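Okay, structure first, notes after.
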Amino acid sequence: MSVLTFTDRGIYCPAGDFYVDPWRPVPRALITHGHSDHARNGMGHYLSTDLAAPVMRHRLGDIDLEVVAYAETRQIGGARVSFHPAGHVPGSAQIRIEVGGEVWVVSGDYKVVDDGLSTPWEPVRCHAFISECTFGLPVFRWTPQDELREQINSWWAGNAADGRFSLLGAYSLGKAQRVMHLLDPATGPILTHGAAEAVTQVLRDQGLPLPPTIRVTPDLDLKAHAGAMVVATPSALHSTWARKFGPASTAVASGWMALRGIRRRRGTDRGFVMSDHADWPGLNQAIRETGAQRIFVTHGYTAAFRRWLEEQGYDAGIVSTDYAGEEVFSQDEAPKDIIDEDALDEAGE
Amino acid sequence: MRDFAALYARLDQTTRTNAKVAALADYFRTAPDADKLWTVALFSGRRPRRTITATALRDWAAEKAGLPLWLFEESHGIVGDLSETISLILPPPTQDSDQPLSHWIARLRELSAMPEPERKAGILEAWDSLPGPERFLFTKLLTGSFRVGVSQTLMTKALAQATEQPEAEVAHRLMGNWTPETTTWEGLLHSGEARDDTARPYPFYLAYQLEDPADLGDAKDWFAERKWDGIRGQLILREGKHHLWSRGEDLITDRFPELARAIDWLPFGTVLDGEILAWDGERPMTFNALQPRIGRKTVPKSLLATAPVVLMAYDILEQDGHDIRLAPFAERRRRLEALLTDLPVEAPLRLSPPVRFDTVDDLRDERLRAREEGAEGLMLKRLASPYGNGRKKGDWWKWKVDPLIIDAVMIYAQSGSGRRANLFTDFTFAVKNGNELVPFTKAYSGLTDAEFRQITAWVNKHTVQKFGPVRQVEPAQVFEIGFEGIQASPRHKSGVALRFPRMLRWRKDKPVNEINTLDDLKELLAAHG
Numbered sequence: 001m002s003v004l005t006f007t008d009r010g011i012y013c014p015a016g017d018f019y020v021d022p023w024r025p026v027p028r029a030l031i032t033h034g035h036s037d038h039a040r041n042g043m044g045h046y047l048s049t050d051l052a053a054p055v056m057r058h059r060l061g062d063i064d065l066e067v068v069a070y071a072e073t074r075q076i077g078g079a080r081v082s083f084h085p086a087g088h089v090p091g092s093a094q095i096r097i098e099v100g101g102e103v104w105v106v107s108g109d110y111k112v113v114d115d116g117l118s119t120p121w122e123p124v125r126c127h128a129f130i131s132e133c134t135f136g137l138p139v140f141r142w143t144p145q146d147e148l149r150e151q152i153n154s155w156w157a158g159n160a161a162d163g164r165f166s167l168l169g170a171y172s173l174g175k176a177q178r179v180m181h182l183l184d185p186a187t188g189p190i191l192t193h194g195a196a197e198a199v200t201q202v203l204r205d206q207g208l209p210l211p212p213t214i215r216v217t218p219d220l221d222l223k224a225h226a227g228a229m230v231v232a233t234p235s236a237l238h239s240t241w242a243r244k245f246g247p248a249s250t251a252v253a254s255g256w257m258a259l260r261g262i263r264r265r266r267g268t269d270r271g272f273v274m275s276d277h278a279d280w281p282g283l284n285q286a287i288r289e290t291g292a293q294r295i296f297v298t299h300g301y302t303a304a305f306r307r308w309l310e311e312q313g314y315d316a317g318i319v320s321t322d323y324a325g326e327e328v329f330s331q332d333e334a335p336k337d338i339i340d341e342d343a344l345d346e347a348g349e
Numbered sequence: 001m002r003d004f005a006a007l008y009a010r011l012d013q014t015t016r017t018n019a020k021v022a023a024l025a026d027y028f029r030t031a032p033d034a035d036k037l038w039t040v041a042l043f044s045g046r047r048p049r050r051t052i053t054a055t056a057l058r059d060w061a062a063e064k065a066g067l068p069l070w071l072f073e074e075s076h077g078i079v080g081d082l083s084e085t086i087s088l089i090l091p092p093p094t095q096d097s098d099q100p101l102s103h104w105i106a107r108l109r110e111l112s113a114m115p116e117p118e119r120k121a122g123i124l125e126a127w128d129s130l131p132g133p134e135r136f137l138f139t140k141l142l143t144g145s146f147r148v149g150v151s152q153t154l155m156t157k158a159l160a161q162a163t164e165q166p167e168a169e170v171a172h173r174l175m176g177n178w179t180p181e182t183t184t185w186e187g188l189l190h191s192g193e194a195r196d197d198t199a200r201p202y203p204f205y206l207a208y209q210l211e212d213p214a215d216l217g218d219a220k221d222w223f224a225e226r227k228w229d230g231i232r233g234q235l236i237l238r239e240g241k242h243h244l245w246s247r248g249e250d251l252i253t254d255r256f257p258e259l260a261r262a263i264d265w266l267p268f269g270t271v272l273d274g275e276i277l278a279w280d281g282e283r284p285m286t287f288n289a290l291q292p293r294i295g296r297k298t299v300p301k302s303l304l305a306t307a308p309v310v311l312m313a314y315d316i317l318e319q320d321g322h323d324i325r326l327a328p329f330a331e332r333r334r335r336l337e338a339l340l341t342d343l344p345v346e347a348p349l350r351l352s353p354p355v356r357f358d359t360v361d362d363l364r365d366e367r368l369r370a371r372e373e374g375a376e377g378l379m380l381k382r383l384a385s386p387y388g389n390g391r392k393k394g395d396w397w398k399w400k401v402d403p404l405i406i407d408a409v410m411i412y413a414q415s416g417s418g419r420r421a422n423l424f425t426d427f428t429f430a431v432k433n434g435n436e437l438v439p440f441t442k443a444y445s446g447l448t449d450a451e452f453r454q455i456t457a458w459v460n461k462h463t464v465q466k467f468g469p470v471r472q473v474e475p476a477q478v479f480e481i482g483f484e485g486i487q488a489s490p491r492h493k494s495g496v497a498l499r500f501p502r503m504l505r506w507r508k509d510k511p512v513n514e515i516n517t518l519d520d521l522k523e524l525l526a527a528h529g
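Here you go:
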């Protein structure tokens with residue numbers, strides 16, 4: 001029997017009778033990370049890393065959640081299970097599952113570069129690797145972190161010199177904090193949209209090195225904060241909420257900003273090429289370093305990436321899942337049927 | 001190249017006109033002359049010729065990146081732009097270069113003249129010396145498809161600021177057939193009189209579409225004539241020669257040899273603005289008759305016989321060698337009439353006849369008669385107005401007839417390119433013929449980006465079959481298709497060809513069985529063809 005099978009509820013392990021990141025209610029779920037397309041409501045029992053737990057509790061409320069540290073092993077029925085850093089967001093994991101000596105790894109979402117906040121990705125040797133491929137085409141190659149720091153800070157400094165706010169759209173779990181961590185606090189204060197602030201507070205309480213932020217409330221004196229950085233969800237950038245900042249400069253941080261057409265369609269002044277998913281070199285490096293011969297690819301450019309892997313000598317297949325990848329458009333501006341209807345506010349990191 | 005890439009990034013990052021003008025003006029104040037000249041040339045459509053095929057560039061880039069061609073093509077499909085795809089898939093550069101734009105253009109021409117192996121090596125070397133944005137622009141120059149969201153008006157404004165000259169003066173200087181090889185920055189923008197090149201045309205004055213006739217105010221202030229459906233042209237007679245310019249600033253003198261005879265009746269030192277029309281001796285032929293003459297540099301005798309042209313003149317910009325654009329329209333019209341009234345029929349010149357009216361309501365009626373007159377609407381010109389520069393609101397209006405309309409169902413969809421890559425934007429539409437659907441036109445424009453996103457999602461879910469990039473979809477979405485004219489066409493299955501088809505509205509309310517029929521199309525053909 002296969003270590004994992006693919007069902008309409010999610011990725012299933014028959015030997016341990018559990019699911020990984022299921023999208024329908026199941027008795028027992030192992031969760032790679034807290035984004036809403038991976039950690040959903042309604043599971044009987046949850047297992048995640050200790051680092052991912054606070055955000056999951058914050059988002060899913062009072063759930064039956066058991067935690068493990070990275071690399072700690074658990075025996076669940078006939079399966080030996082452990083969680084390993086995926087580098088996607090703080091607390092995110094790849095899940096290693098071993099049954100009768102055969103090892104499979106579910107990548108969840110991952111990136112191989114160190115973002116300064118998430119525990120950096122580590123390769124896990126395995127026989128079969130289930131990999132996301134949101135950006136599985138060779139046109140995706142991320143801007144190095146140092147260059148991103150320079151680009152974002154000089155954009156901010158320029159706006160601040162003109163007395164304009166800098167509105168930066170970044171998903172509230174992971175990207176928002178990664179951006180904050182890169183900001184030069186000497187330029188000015190950092191304001192936050194409510195959705196970003198809530199998650200930031202959870203992560204800050206957990207001990208992550210995040211700069212002080214000020215939540216934008218109706219009674220905040222904006223004039224006193226002219227030139228500030230405002231970290232918001234991408235969907236908030238074009239909302240009435242954003243208008244209170246006057247003629248601000250806007251930007252989005254996303255892997256999709258690598259493509260000029262999408263950047264222009266997104267309609268912000270700037271687009272920073274920053275993703276918490278692996279780029280093309282990253283995907284290829286990760287797959288190589290697992291040593292796996294069998295690769296299953298999920299969400300993203302699956303057909304092209306699978307064919308590429310086949311030509312590189314891998315035994316590759318496609319698994320269709322309900323994970324969202326990284327959305328080009330945030331929910332409120334996307335036509336309803338483009339997006340997964342179950343996905344909540346943060347779907348798509 | 002760094003300055004130029006920085007300029008491009010500033011222009012690309014904003015949709016605000018003032019920010020674009022400021023970026024251009026800054027550049028025109030600081031960049032080296034040779035670069036500035038090339039920038040003006042590129043932004044006004046004077047691109048270097050393409051000398052390397054897209055296929056070769058694709059092959060070299062894929063080979064250098066170590067990728068199979070199918071994966072390159074897959075990526076190209078997603079990105080939508082060849083140069084961008086190439087610049088993205090190549091590995092990061094290993095060399096550093098700080099050469100200016102003019103250097104790379106000169107290099108490009110050197111390479112064009114070399115045999116293939118050297119040429120390829122040179123291109124690969126250039127790619128390896130330029131970081132992402134510069135590599136993208138260099139490749140854009142190679143493919144000859146350099147376009148940027150900068151209008152001539154905008155660039156004129158920036159140049160006027162940077163060189164401290166009036167905009168009209170700059171606009172006039174930029175006209176004509178100069179290239180960076182035939183002039184210098186000094187020569188183009190600073191030397192002597194703008195008109196020292198005898199072939200140089202004046203900037204065309206353009207009209208806005210009239211939405212509300214109430215904007216006209218008092219009918220007595222206006223002159224009306226037909227809006228002719230041909231090619232806008234400026235005929236220049238100076239110093240023993242004649243020159244004909246199209247509105248796209250192409251010199252088209254040789255394509256319309258009939259107009260050479262204008263010098264038999266008009267004095268040198270005359271410049272006329274008018275419409276080139278195929279003429280049957282009495283009235284204009286359809287635009288379709290003119291079509292075969294547009295693309296040809298030399299005209300066969302047979303075509304001269306079947307589609308002879310005239311210039312339907314409607315304005316005079318220069319008389320006796322004097323620029324009279326600032327004289328009121330009424331005065332220019334008087335001079336034009338005096339010049340053209342008693343010409344014999346063999347002269348290739350006609351005076352655009354006035355449309356008589358007393359009230360705005362008379363104009364409404366005249367507008368509805370446009371199609372029977374072989375025109376596409378009315379032109380309204382304020383009697384007191386000078387001949388302006390570019391498009392300005394208030395003095396000249398075009399008032400086109402409403403388009404012809406057919407409700408049709410979408411049957412094929414294809415994705416767009418550039419800004420619209422990843423979206424389905426090119427559709428084929430069909431009408432009913434009994435139980436059969438007959439395709440009759442394609443259309444690309446008329447929907448908002450939000451609607452294109454919505455239809456894209458729908459196409460993804462309702463594809464019946466794929467033929468390469470083309471999706472056959474369930475015939476379910478009904479659109480109102482508007483067009484300006486209809487012609488019999490044996491090449492099309494439907495038997496008709498449309499002029500300027502576009503989507504006017506997405507009729508989500510309309511079921512497919514209520515779309516128009518092939519008979520409805522044939523009726524329109526009988527009435528307007």
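So the protein lines, in turn, are chains A and B. Residue numbering for the first sequence follows full-length UniProt numbering, starting at 1 and increasing by one per position. Residue numbering for the second sequence follows full-length UniProt numbering, starting at 1 and increasing by one per position. All C-beta atoms in this analysis are idealised placements derived from N, C-alpha and C, irrespective of residue type, glycine included. Please read all numbers here as calculations on a predicted model, not as lab measurements.
- With fewer than 16 other CB atoms across the displayed protein chains lying within 10 angstroms of its CB, asparagine 18/B is exposed.
- The shortest CA-to-CA distance from serine 82/A to any of Val68/A, Thr134/A and Leu168/A is the one to Val68/A.
- Chain A places no beta carbon closer than 8 angstroms to that of alanine 25/B, leaving this residue out of the contacts.
- A direct Cα-to-Cα measurement between aspartate 315/B and tryptophan 178/B gives close to 25 angstroms.
- Of the candidates Arg294/A, Pro281/A and Phe272/A, the residue whose Cα lies closest to the Cα of alanine 9/B is Phe272/A.
- The C-alpha of alanine 176/A lies about 16 angstroms from the C-alpha of glutamine 151/A.
- Beyond the five residues adjoining it in sequence on each side, leucine 290/B comes within less than 8 angstroms, by CB distance, of Gly230, Ile231, Ile276, Leu277, Ala278, Ala307 and Val309 in the same chain, given in chain order.
- Fully enclosed beta strand (DSSP E) runs of no fewer than 3 residues occupy 73-76, 79-85, 93-99 and 102-106 of the segment 68-125 of chain A, in order along the chain.
- In this structure, the CA atom of histidine 38/A is about 50 angstroms from the CA atom of threonine 39/B.
- Those residues of the segment 173-197 of chain B placed with their C-beta closer than 7 angstroms to a C-beta in chain A do not exist.
- Shortest Cα-Cα distance from glutamine 477/B to any of Met285/B, Ile236/B and Met410/B involves Met410/B.
- Contact annotation for leucine 148/A against chain B: no contact, minimum CB-CB distance about 14 angstroms [criterion: below 7 angstroms].
- When CB distances to chain B are screened at a threshold of 9 angstroms, the residues of the segment 240-266 of chain A falling below it are Ala258, Leu259, Arg260, Gly261, Ile262, Arg263, Arg264 and Arg265, in chain order.
- Between tryptophan 397/B and the set Val464/B, Asp128/B and Asp212/B, the nearest pair of CA atoms involves Asp212/B.
- Residues of the same chain with a CB within less than 7 angstroms of the CB of cysteine 13/A, apart from the 5 flanking positions on each side, are Val3, Leu4, Ala79 and Ile97 in chain order.
- For the pair tryptophan 228/B and proline 284/B, the CB atoms are nearer than the 8 angstroms cut-off.
- The segment 511-526 of chain B makes no contact with the segment 449-464 of chain B; the number of CB pairs closer than 8 angstroms stays below 3.
- Boundaries around tyrosine 314/B are those of the beta strand (DSSP E), 309-319, since no alpha helix (DSSP H) includes it.
- Residues of the same chain with a CB within less than 7 angstroms of the CB of glutamate 376/B, apart from the 5 flanking positions on each side, are Lys227, Asp229, Ala370, Lys400, Val401 and Glu484 in chain order.
- Excluding five sequence positions before and after alanine 65/B, the CB atoms of its chain that fall closer than 6 angstroms to its own CB belong to Ile89 and Leu90, given in chain order.
- Listed by position along chain B, the residues whose Cβ is nearer than 7 angstroms to that of proline 138/A are Ala65, Leu67, Leu71, Ser75 and Ile89.
- DSSP places methionine 56/A inside the alpha helix (DSSP H), whose first and last residues are 53-60.
- Against chain A, a Cβ distance below 8 angstroms from isoleucine 78/B picks out Leu137, Val139, Leu259 and Tyr301.
- Restricted to the segment 265-300 of chain B, the alpha helix (DSSP H) segments that are unbroken, complete and at least 4 residues in length are 287-294, listed in chain order.
- At least one beta carbon of chain A lies nearer than 8 angstroms to the beta carbon of asparagine 422/B.
- Residue-level contact check: tryptophan 156/A does not touch chain B, since none of the beta carbons of chain B fall below 8 angstroms from its beta carbon.
- For tryptophan 396/B, the enclosing beta strand (DSSP E) starts and ends at 396-400.
- At a cut-off of 3 residues, the continuous stretches assigned as beta strand (DSSP E) that sit fully inside the segment 421-494 of chain B are 424-433, 436-443, 463-467, 470-473, 478-483 and 485-488.
- The beta carbon of aspartate 162/A is closer than 6 angstroms to none in its chain, skipping five residues each way along the sequence.
- In the assembly as shown, arginine 453/B is a buried residue. Its beta-carbon has 16 or more other beta-carbons within 10 Å.
- Looking from the CA of isoleucine 76/A, the closest CA among Ala198/A, Thr240/A, Tyr19/A and Gly246/A belongs to Tyr19/A.
- Between the beta-carbon of arginine 2/B and that of aspartate 98/B there is about 7 angstroms, and that keeps the pair under the 8 angstroms contact cut.
- Around the beta carbon of valine 216/A, 16 or more other beta carbons sit within 10 angstroms, so the residue counts as buried.
- In terms of beta-carbon proximity, tryptophan 23/A stays away from the interface with chain B, with every pair separated by 8 angstroms or more.
- In the structure shown, methionine 257/A adopts helical secondary structure according to DSSP, grouped into three states.
- By a beta-carbon distance limit of 8 angstroms, glycine 188/A contacts glycine 227/A. Their separation comes to about 5 angstroms.
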